[in-house]
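Numbering (our numbering), first residue to last: 1420 to 1564.
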Amino acid sequence: YTLTPDSDSDTGATLVVSDDGSSATYTPEGGTAVTLTIDTSKPVAVVFETVIPADQNGIGQDVDCWINCYNDNTCELYISAYGVELALDQGTYETNEDASMSFQFDTMGAISSVNTDGTNTVDISFAGAPGVGDINTTLTQGTVE
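Shown next, in the form of structure tokens:
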């Protein structure tokens, strides 16, 4: 892109965006080029989370389990143990009139949360999580950080 100034006291510039959209280079006329990194991560709108205790999974360590619900109505199921984060499933979601949420995951299929007295929970069942085995647990809506 060529940026043209509105005033004679300003100078023009060029802006070149990378093909993958992850960075751009801004070069003011007669100045030094500056490379900008574009944050392509999606903002999390809602999170459901739990910790699966070591005595309830096959690896002997607590396993963090959560669903990130993004602003674009997509969602992903994650687990984390031994410092390794792994996405297990992905899909879409919508918020219902009663503030519960309906999910459609690629592997788990259709599931819904239940809103009881302002606490939103969702039961998940995921077969064969790598290193962990089957996951059958309840996630509670938490606070997005």
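Note that the Cβ used here is the ideal one computed from N, Cα and C, for glycine as well. Note that the structure is a prediction, hence the values are computed from the model and not measured.
- Task: Excluding the 5 residues preceding and the 5 following residue 1443 in the sequence, name in chain order all residues of the same chain whose CB lies nearer than 8 Å to its CB.
- Result: Indexing the sequence shown from 1 puts residue 1443 at position 24. Excluding sequence neighbours, residue 1443 sits near 1434, 1435, 1436, 1437, 1454, 1455, 1457.
- Query: Roughly how many angstroms separate the alpha carbons of residue 1507 and residue 1452, rounded to a whole number?
  - Reply: Position 88 of the sequence shown, counting from 1, holds the residue named residue 1507. Position 33 of the sequence shown, counting from 1, holds the residue named residue 1452. When rounded, the distance between both Cα atoms is 41 Å.
- Item | Identity of the residues DSSP links to residue 1511 by a beta bridge | In the sequence shown, counting from the first residue as 1, residue 1511 sits at position 92. Residue 1511 pairs with 1493, 1523.
- What is the rounded straight-line gap between the Cα of residue 1519 and the Cα of residue 1536? What you label residue 1519 is simply residue 100 of the sequence shown in a count that begins at 1. What you label residue 1536 is simply residue 117 of the sequence shown in a count that begins at 1. Between residue 1519 and residue 1536, the alpha-carbon positions lie close to 11 Å from each other.
- Query: Is the Cβ of residue 1464 closer than 8 Å to any Cβ of chain C?
  - Reply: The structure shown has no chain C; it contains just one protein chain.
- Query: Between the beta-carbon of residue 1477 and the beta-carbon of residue 1547, is there less than 8 Å?
  - Reply: Counting from one through the sequence shown, the residue named residue 1477 turns up at place 58. Counting from one through the sequence shown, the residue named residue 1547 turns up at place 128. It is not a contact, given that the beta carbons lie outside the stated cut-off.
- Task: Can you check DSSP and say which residues form a bridge with residue 1452?
- Result: In the sequence shown, the residue the question calls residue 1452 occupies position 33. Its beta-bridge partners do not exist; DSSP assigns none.
- Query: When burial is assigned at 16 or more other CB atoms within 10 Å of the CB, is residue 1475 buried or exposed?
  - Reply: The residue given as residue 1475 occupies position 56 in the sequence shown. Label assigned to residue 1475: exposed.
- Option in 1473, 1554, 1559 with minimal Cα separation from residue 1533: Here the question's residue 1533 lines up with position 114 in the sequence shown. Answer by Cα proximity: 1559.
- Hey, would you say residue 1563 sits closer than 8 Å to residue 1470, going by beta carbons? Locating residue 1563 in the sequence shown gives position 144, where the first residue counts as 1. Locating residue 1470 in the sequence shown gives position 51, where the first residue counts as 1. Taking 8 Å as the Cβ cut-off, residue 1563 and residue 1470 do not qualify as a contacting pair.
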